[in-house]
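What follows is a set of notes on a single structure, which appears directly below.
Have a look at this one:
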């Protein structure tokens, strides 16, 4: 009986389970990313002035970065952290970084989505002063 030749790791274990996992991730990955992207687009559009796509903050609070499943989780972690005012979430790596009042916004070459730990209250539209009627002579 001829033995099947399987790729092996240097430890001697066969690579088949790893290859299966990689194939599964490749097949499922794009669908999962598109759902996440769609959710993020909805959140970005519904909260103008709170979240900013393509930006991050610098400097970050040292030794506080962590992982988050999505940007809302990253924002929640910022709310719970002392001195955190802003966050930056990197969707592809799921990295989450935090900034205090000294952090400034800069462009992100890595597709970050940044925002405030607590979104500012939406402001009301100012009244249209041009529609005010003037009294007749």
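Residue numbers (the UniProt record's numbering): 1 to 137.
Glycine residues also receive a C-beta, built at the ideal position from the N, C-alpha and C atoms.
Fair warning: this is a prediction, and the values are worked out from it, not measured in the lab.
Nearest to residue i by CA position, among the options, is which residue?
{"i": "residue 94", "options": "102, 60, 111 and 46", "result": "111"}
{"i": "residue 67", "options": "113, 121, 96 and 61", "result": "96"}
{"i": "residue 141", "options": "117, 121 and 76", "result": "Past the boundaries of the shown model lies residue 141; the chain is included only from 1 to 137, so the question cannot be answered."}
{"i": "residue 100", "options": "51, 90 and 79", "result": "79"}
{"i": "residue 62", "options": "81, 115 and 90", "result": "81"}
When you compare only the Cα positions, how much space is there between residue i and residue j?
{"i": "residue 102", "j": "residue 86", "result": "10 Å"}
{"i": "residue 92", "j": "residue 113", "result": "11 Å"}
{"i": "residue 39", "j": "residue 71", "result": "10 Å"}
{"i": "residue 109", "j": "residue 54", "result": "7 Å"}
{"i": "residue 98", "j": "residue 43", "result": "19 Å"}
{"i": "residue 106", "j": "residue 46", "result": "22 Å"}
{"i": "residue 64", "j": "residue 83", "result": "11 Å"}
{"i": "residue 77", "j": "residue 50", "result": "16 Å"}
{"i": "residue 69", "j": "residue 60", "result": "19 Å"}
{"i": "residue 121", "j": "residue 90", "result": "25 Å"}
Using DSSP with H/G/I as helix, E/B as strand and the rest coil, what is residue i?
{"i": "residue 77", "result": "helix"}
{"i": "residue 94", "result": "coil"}
{"i": "residue 108", "result": "coil"}
{"i": "residue 113", "result": "strand"}
{"i": "residue 102", "result": "coil"}
{"i": "residue 58", "result": "strand"}
{"i": "residue 26", "result": "Bear in mind that a pLDDT of 42 at residue 26, under 50, signals an unreliable position, so the model cannot answer this."}
{"i": "residue 64", "result": "coil"}
{"i": "residue 88", "result": "strand"}
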